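**Q** Heads up: the protein sequence lines correspond to chains A and B, in order.
Under my numbering, read the first sequence as residues 106 to 544, first letter to last.
Under my numbering, read the second sequence as residues 1053 to 1342, first letter to last.
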Amino acid sequence: MTSLLTFPKGGVHPPASKGLTENLAIEVMATPDELEIILGQHIGAPCTPTVAPKDAVQEGQVIGEVTKGLGVPLHAPVAGTIKSFGMSGHPMRVSAPSITIQTNKEAAPVQYSRCDWQKLAKEELLAKVHGAGIIGIGGAGFPSHVKLSPPPDNPVDTLILNGAECEPYITADHRQMLERAQEIVEGALVILKILGITKCFIGIENNKPDAIKTMTEAAAAVSTPEHTVVVQPLQVKYPQGSEKQLIQAITGRKVPGFALPSAVGVVVHNVSTARAIYDAVVLSKPLYEKVMTISGKGIKRPANLLVKVGTKVSDIVEYLGGVTPELAKIVMGGPMMGFAVSSLDIPVTKTTSSVLFLAEDEIDTTPHSQCIRCGWCLEACPMGLEPKEVGLYVEAGRPQDTGQFGVFECFECGCCAYVCPAKRPLVQFVRLAKMKAKR
Amino acid sequence: MDPALVKLALGGIALLGCIGLFFGIGLALAAHKFAVEANPLIEEVLESLAGAQCGGCGYPGCEGYAIAVVTNPEVPPNLCFPGKEKVAERVAQLTGKKMTAVEDMIALVRCSRKEGRVSHKHEYIGFASCTAANLGFGGPSSCNYSCIGLGECAESCPFDAIAMVDGFPVVNPDKCVACGTCVRACPKKVIELMSLKARVHVPCSTKDLGKNVRKVCEVGCISCQMCVKKCPAEAIAYTDGLITIDHPKCIAYGPECQEICVEKCPRNIMRKYEGRVAIARQADGLKMAS
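Here it is as structure tokens:
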């Protein structure tokens, strides 16, 4: 086994808390009666509906397209009837336009069969990825076909699949690597063919030895002298799964500020996105299902669930037997980068990787106090920024002057706020600063 | 005294005097040679402005507006809100522009959170500013369009015209000059500038569906559009989920309609507006209630 790699600067070691769900197999959740599909699920222009209320739709049918600008189509996750267009809850935007579909329970699920993708040309493969609505489902939601067509002046030579899953609690990728290893690896081969390159690394944090073993076997089975797929165990350190940190850990290349990974010849995809690409290309199945982790002491039965996009959190809670009396906080996404919400009327999108129901003893409600200039946040910041200065400037009413501290390079990993002994909401300060500062 | 010391002191004074004279002449020559030609009119206009640096005119500070109004013939002379009619007249006179009417405006908080007994959907822990609270799932208020109440508007007001009374902003009509700083500061956009002559107003900013409004607020607008249908002047419109009133049209129509919109509103959120008196009364009521 190769030695454990990691990124050089900053990082923290939050308790992993993955024990609640890491040994639970992915469970298929029963489709609820109604789904609410948010129109803007990806980075870019939101979709425009291509259906009208009362229309009957089939599972996998296109229901929304992007007419102008960056984006991917949206598909119906179930067979049913379009009930209405309206607004749905959204963890970041609070409410967002959506399409409500009434599920037709009688309809038989669509069966997808393998196609001989090896014979397809690069353009056809890309069209399939775009047509299936594939976006970066690790969290960012960037349309994958764009990532797979890097600019010609930046030749790409390495593909990295991100299986670090460094956020505490979340085990969705971990379970997929255990249960769908062959599919992920075949997805990697598809990506390699599209990019016209031969080298793929799969980065997995060392706290998932079973996933490393399974993935190594699957990778060895497909590796040929022309195509090498290598599993690279990584040190357990948050944020190992951040794109720039992962690239530096595995290849040693440093992505310059504001640049894309293609600037250093690398393309990074999440392992679950690789599986979605496998579905899209090999099975011709659009992306409308999502493996997610429901965890925390606040839910009766923590689980790894395969749900349809558009399933509401309230339906998931009902399916898992409700919440416990200890529930104190609901977070969509991981505890480090997720968003606290106070409603269950929020539908799952392609990028929702988890919903955490945290009990009183899993959260910290201590009010924040003054900055004591201890400098811990400077040590923890993986980007080498000065979060404390940003916080002080925002508190002093000068958020517009924080550009000098590189606020736009911050990707809000939360390491600074995690280590801060004064419990200062440093990420919130940075987000405020980003709203007011000039680039 | 020691004559040597006196000599030293006199010598020092003479030397420093010479140096001072030398640099003084140098500076005077430089000032003359490199003088920047300033438009005296800009100076004059700048002096006539209110000088509050409120930014209500839309320019960066009073100087920005003074330069714009003198150099750009398109810029009207009535943009200095704190100065009101007097300043506008003076600016028009100085720049030779046609004096246009200055409408007496006031900031109006379009929210009735207190009256509607809007509850909190969560407890907010973090930096005490409205914009910051708004980042966390739209703020703690159950109504996503309501005033958050952490006083960012009051803090931003350059005229100290907004007071926070029990977590709700109250505009002081005697101090408010309608510069619009609070309108820009509010992350929920619940403050708008309205003519003091307006006859009716809707103190609610919700864009939500009626059934959702009913769940969270006792008085909020439910978008029934009764006012839109009943207005004989067609001055009320429903755009993007919000009732908007075309005040000039409404004022022009006159009291003949007897404010039928107010009468027909099932939520009593379309209200008569009686200018400063009403605002003052409303403020007193809030103070007493708290």
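The beta carbon of each residue, even a glycine, is placed where N, CA and C say it ideally should be.
Since we're looking at a predicted model, the values are computed, not measured.
(1) State yes or no: is the C-beta of ALA277(A) within less than 7 Å of the C-beta of VAL453(A)?
(2) State buried or exposed for GLU229(A), treating a residue as buried only when at least 16 other CB atoms are found within 10 Å of its CB.
(3) Does the region 479-494 of chain A touch the region 515-525 of chain A, meaning 3 or more C-beta pairs lie closer than 8 Å?
(4) Less than 7 Å between CB atoms is the rule here; does LYS1173(B) satisfy it with respect to chain A?
(5) Just to confirm my understanding: we take LEU351(A), look at its own chain, exclude 5 residues before and 5 after, and list those with CB closer than 7 Å. What are they?
(6) At a CB distance below 8 Å, what residues from the region 439-457 of chain A approach chain B? Give them in sequence order.
(7) By the 10 Å Cβ neighbour count, where 16 or more other Cβ atoms means buried, how is THR208(A) classified, buried or exposed?
(8) Return the CA-CA distance between LYS304(A) and LYS298(A), expressed in angstroms with no decimal places.
(9) Please report the Cβ distance between LEU449(A) and VAL422(A), rounded to the nearest whole angstrom; I am assuming they are in contact, meaning their Cβ atoms lie under 8 Å.
(10) Let me know the secondary structure DSSP gives ARG1266(B) once reduced to three states.
(11) Spatial neighbours of THR136(A) within its chain, please: CB distance less than 6 Å, with the 5 preceding and 5 following residues excluded, ordered by chain position.
(12) Which residues of chain B have a Cβ atom closer than 8 Å to the Cβ of PHE510(A), listed in chain order?
(13) Distance check for ILE239(A) and SER1342(B), CA to CA, integer angstroms please.
(14) Out of curiosity, what's the CA-to-CA distance linking ASP466(A) and LYS224(A)?
(15) Determine whether the Cβ of VAL532(A) lies closer than 7 Å to any Cβ atom of chain B.
(16) Whole alpha helix (DSSP H) runs in the region 1223-1276 of chain B with 4 or more residues, listed along the chain?
(17) Please report whether the beta-carbon of LYS528(A) lies at a distance below 7 Å from any beta-carbon of chain B.
(18) Relative to chain A, which residues along the region 1173-1189 of chain B have a C-beta separation below 7 Å, given in chain order?
(19) Could you tell me which residues DSSP pairs with MET192(A) in its beta bridges?
(20) By the three-class DSSP mapping on this structure, what secondary structure does ILE352(A) have?
(21) Residues of the region 1121-1145 of chain B with a CB closer than 8 Å to any CB of chain A: list them in chain order, please.
(22) So LEU428(A) contacts chain B; which residues on that side make the cut at Cβ distance below 7 Å?
(23) Pick out whichever of GLY370(A), ILE404(A), PHE534(A) has its Cα sitting closest to the Cα of TYR424(A).
(24) Inspect the beta-carbon positions of HIS1299(B) and ALA1250(B) and report whether they are closer than 7 Å.
(25) In chain B, which residues lie with their C-beta within 9 Å of the C-beta of LEU537(A)?
(26) Over what stretch of residues does the beta strand (DSSP E) that includes LYS552(A) continue unbroken?
(27) With a CB to CB cut of under 7 Å and the five nearest residues on each side skipped, what residues in its chain are close to SER1208(B)?
(28) At a Cβ threshold of 7 Å, is THR107(A) touching chain B?
(29) Find the residues of chain B that neighbour VAL199(A), judging by a C-beta separation of less than 7 Å, and give them in chain order.
(30) Just to confirm, is the Cβ distance from PHE1179(B) to SER447(A) under 7 Å?
(31) Contact between the region 1279-1287 of chain B and the region 1184-1204 of chain B is defined here as three or more beta-carbon pairs at a separation below 8 Å; is this criterion met?
(32) On the premise that LEU283(A) lies in contact with THR319(A), defined as a C-beta separation below 8 Å, what is that separation, rounded to the nearest angstrom?
(33) Once the 5 residues before and after LYS114(A) are set aside, which same chain residues still bring their CB inside 8 Å of it?
(34) Return the chain-ordered list of same chain residues with a C-beta closer than 8 Å to the C-beta of ALA1287(B), the five sequence neighbours on each side being excluded.
(35) According to DSSP, what are the bridge partners of TYR424(A)?
(36) Anything in chain B within Cβ reach of THR546(A), meaning under 7 Å, just list it in chain order.
**A** Quick look at the numbers:
(1) Numbered from its first residue, the first sequence carries residue 277(A) at position 172. Numbered from its first residue, the first sequence carries residue 453(A) at position 348. Taking 7 Å as the cut-off, the beta carbon of ALA277(A) is found no closer than this to the beta carbon of VAL453(A).
(2) Residue mapping note: residue 229(A) aligns to position 124 of the first sequence, counting from 1. GLU229(A) is classed as exposed because its beta carbon has fewer than 16 other beta carbons within 10 Å across all chains shown.
(3) Per the Cβ contact rule, the region 515-525 of chain A is in contact with the region 479-494 of chain A (3 or more Cβ pairs under 8 Å).
(4) As a first step, residue 1173(B) is located in the second sequence; it is residue number 121 there, counting from the start. Yes, LYS1173(B) counts as interfacial toward chain A.
(5) The sequence position of residue 351(A) within the first sequence is 246, counting from 1. These residues qualify, in order along the chain: ILE265, ASN267, ALA269, GLY308, GLN345, VAL373.
(6) For the region 439-457 of chain A, which is checked against every Cβ of chain B, the residues closer than 8 Å are PHE444, ALA445, VAL446, SER447, SER448.
(7) Sequence index remark: in the first sequence, residue 208(A) carries index 103 (1-based). Residue burial annotation: THR208(A) is buried, with at least 16 other C-beta atoms found within 10 angstroms of its C-beta.
(8) Translated into the one-based positions of the first sequence, residue 304(A) becomes position 199. Translated into the one-based positions of the first sequence, residue 298(A) becomes position 193. Here the alpha carbons of LYS298(A) and LYS304(A) stand approximately 11 Å from one another.
(9) Numbered from 1 along the first sequence, position 344 holds the residue referred to as residue 449(A). Numbered from 1 along the first sequence, position 317 holds the residue referred to as residue 422(A). That pair is a contact at about 6 Å.
(10) Within the second sequence, numbered from 1, the residue matching residue 1266(B) stands at position 214. The three-state reading of DSSP puts ARG1266(B) in helix, counting H, G and I together.
(11) Residue 136(A) sits at position 31 when you count from the first residue of the first sequence. So the list reads VAL183, THR208, LYS413, once near-sequence residues are dropped.
(12) Indexing the first sequence from 1 puts residue 510(A) at position 405. Contact annotation for PHE510(A) against chain B: no contact, minimum CB-CB distance about 17 Å [criterion: below 8 Å].
(13) Start at 1 with the first residue of the second sequence, and residue 1342(B) comes out as number 290. Start at 1 with the first residue of the first sequence, and residue 239(A) comes out as number 134. Unreliable placement is indicated for SER1342(B), whose pLDDT of 47 sits below 50; no coordinate value is reported for it.
(14) Numbered from its first residue, the first sequence carries residue 466(A) at position 361. Numbered from its first residue, the first sequence carries residue 224(A) at position 119. About 55 Å.
(15) Your numbering for residue 532(A) matches position 427 in the first sequence. VAL532(A) does not count as touching chain B.
(16) Taken in chain order, the whole alpha helix (DSSP H) runs of length 4 or more contained in the region 1223-1276 of chain B are 1233-1237, 1262-1268.
(17) If you number the first sequence from 1, residue 528(A) lands on position 423. Chain B, which has no Cβ nearer than 7 Å to the Cβ of LYS528(A), makes this no.
(18) Per Cβ criterion, the list reads LYS1173, HIS1174, ILE1177, GLY1178, PHE1179, THR1183, ALA1184, LEU1187, GLY1188, PHE1189.
(19) Locating residue 192(A) in the first sequence gives position 87, where the first residue counts as 1. MET192(A) is bridged to PRO202(A).
(20) Along the first sequence, one-based indexing puts residue 352(A) at 247. Residue state, collapsed to three classes: helix.
(21) Taking 8 Å as the cut-off between beta carbons, none of the residues of the region 1121-1145 of chain B comes near chain A.
(22) As a working mapping, residue 428(A) is identified with position 323 in the first sequence. With the sequence shown as reference, residue 428(A) is identified as Val, and Leu is not the correct amino acid for it. The premise fails here: VAL428(A) is roughly 15 Å from chain B at the closest Cβ pair, so nothing lies under 7 Å.
(23) Your numbering for residue 424(A) matches position 319 in the first sequence. Among GLY370(A), ILE404(A), PHE534(A), the Cα nearest to that of TYR424(A) belongs to ILE404(A).
(24) Position 247 of the second sequence holds residue 1299(B). Position 198 of the second sequence holds residue 1250(B). For HIS1299(B) and ALA1250(B), yes; Cβs fall inside 7 Å.
(25) Along the first sequence, one-based indexing puts residue 537(A) at 432. Those are PHE1179, SER1181, THR1183, ALA1184, LEU1187, listed as they occur along chain B.
(26) This structure cannot speak to residue 552(A), because chain A is shown only from 106 to 544.
(27) The sequence position of residue 1208(B) within the second sequence is 156, counting from 1. THR1233, CYS1234, ALA1237.
(28) The sequence position of residue 107(A) within the first sequence is 2, counting from 1. Residue placement at THR107(A) cannot be trusted, given a pLDDT of 49 that sits under 50; what the coordinates show is reported in the next sentence. Interface residue (Cβ-Cβ distance to chain B less than 7 Å): THR107(A) is not classified as such.
(29) For the purposes of this step, residue 199(A) is taken as residue 94 along the first sequence, with counting starting at 1. For a Cβ distance threshold of 7 Å, residue set PHE1189, GLY1190, ASN1196 of chain B lies close to VAL199(A), ordered along the chain.
(30) The count along the second sequence starts at 1 and reaches residue 1179(B) at position 127. The count along the first sequence starts at 1 and reaches residue 447(A) at position 342. Not a contact, by the Cβ cut-off of 7 Å.
(31) Touching, no.
(32) Within the first sequence, residue 319(A) is the residue found at index 214, counting from 1. Within the first sequence, residue 283(A) is the residue found at index 178, counting from 1. Your pair THR319(A) and LEU283(A) checks out as a contact, with CB atoms roughly 5 Å apart and the cut at 8 Å.
(33) Within the first sequence, the letter at position 9 stands for residue 114(A). CYS486, PRO487, MET488, GLY489.
(34) Within the second sequence, the letter at position 235 stands for residue 1287(B). If you ignore the 5 residues before and after ALA1287(B), its C-beta comes within less than 8 Å of the C-beta of ILE1297, ASP1298, HIS1299, LYS1301, CYS1302, TYR1305, all in its own chain and listed in chain order.
(35) By 1-based counting over the first sequence, the position of residue 424(A) is 319. DSSP lists no partner for TYR424(A).
(36) Residue 546(A) falls outside the range modelled here, since chain A spans only 106 to 544, and no answer is possible.
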